[in-house]
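A short worksheet on the structure shown next.
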Amino acid sequence: MKKQKQNQQTTPNNQSQTTLRLHYNSSGAKTVKLRVYESSAAPPATHLWASGLVLARWVWHNRCAITQSQTRVVELGCGVGLPSLVAATANKLSKVNYVGNNVLLTDAESFSLMLVQQSIAANSLANHAHFQKFMWGDVDGSLEFTNDATSSYPLLILAADVLYNRATIDAFLATISTLLHSHDSKCEINEHVFKPNTPARCVLAYQDRTPSRNIDHLFALWHLTATIISNDEFGFVESDKQKAVDARVGPNVSPLNEGITIEGCEEGEETGSGWGADLLSVVVCSICATSSE
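Using our numbering, the first residue of the sequence shown is number 452, and each one after it goes up by one.
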């Protein structure tokens, strides 16, 4: 049996909690804890992976723009849902008077529902986030936020490590295309810095496991355009990545640089907690709708 770090909390039924700290002032001194439930008994999607951590870093870096604009956040294929849990935590900490519940986590699998609900309860986020079981491609009238009182607010779609299965890529792109085009969200190809009242977009993080594979033609097919977001645009500089590799934990916080640290996690790549060099291969991109004409 593998040894666990002292701060790791275990729960029944092959579940564990990874505890993160979100640093939210210029010196990184003020923090809030976030507990994320994982499972070693279910498919890989029930683990916390490098792409989810890097996307969560992007969300946390842009939290003021997201909360001030009351942006609705929808995560597709959320798994354990770290990026959305970070967005919900930002909502909770903000003084913005939200209309309704602004963070929606979605996945097609019941195991994700169980873990996400536990994380929402553990972090007292019930007023800020909720889960909906959702199959990609089944958009018309079935996805919350498309018909409720918040439908006029900006939309941000999040997705982490959802491109590993070639058979589901078309369904994923069809879903985000439908959502983005339905919100009249055209934007310029280089307009990927997130600001209040920015057009709707999807921010996707993925590990570039097969660099030779190119799906640009699929983006064009679904009238979408994607641009890479450089890591330094959201405070995730190369030195942070190297520290993460050296320490086998999440990005360490440098002076004057807000971020996320991992307080307690189980060792081992197979648990999803030994990210190591995987952080170096994560790509983040902004996907926008283009004209269908």
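By construction, the Cβ of each residue, glycine as well, lies at the ideal position given by its N, Cα and C atoms.
Using a 10 Å radius around the Cβ and a threshold of 16 neighbouring Cβ atoms, would you call D558 buried or exposed?
Looking at its Cβ environment, which holds 16 or more other Cβ atoms inside 10 Å, D558 is buried.
Does any residue of chain B have a CB that is nearer than 8 Å to the CB of D612?
Considering every chain present, this structure includes no chain B. It has just one protein chain.
To the nearest angstrom, how far is the alpha carbon of H581 from that of S535?
Going from the Cα of H581 to the Cα of S535 covers about 10 Å.
Grab the span of the alpha helix (DSSP H) containing S561 for me, first residue to last.
S561 to A573 is the extent of the alpha helix (DSSP H) around S561.
Checking 8 Å against the spacing of the C-beta atoms, do W587 and A622 come in under that value?
For W587 and A622, yes; Cβs fall inside 8 Å.
Of all the options L566, S561, N682 and T540, which has the alpha carbon lying nearest to the alpha carbon of K584?
Considering only alpha carbons, the answer is S561.
Could you please give me the residues that DSSP links to D558 through a beta bridge?
Looking at the DSSP assignment, D558 forms a beta bridge with K584.
Please classify I679 as buried or exposed, where buried requires at least 16 neighbouring CB atoms within 10 angstroms.
Result: exposed.
Tell me whether L594 sits in a helix, a strand or coil according to DSSP, three-state version.
It is coil, neither helix nor strand.
Can you give me the C-alpha to C-alpha distance between Y549 and P495, rounded to a whole angstrom?
One C-alpha to the other measures close to 34 Å.
State the Cα-Cα distance for the pair I738 and I620, rounded to the nearest angstrom.
For I738 and I620, the distance between alpha carbons rounds to 14 Å.
Using DSSP bridges, identify the partner residues of V733.
Answer is Q658.
I620 by DSSP, collapsed to three states: which one?
The answer is helix: DSSP assigns I620 an H, G or I state.
Nearest by alpha-carbon distance to L594: which of L675, Q568, A538 and V524 is it?
Nearest of L675, Q568, A538 and V524 to L594, Cα basis: V524.
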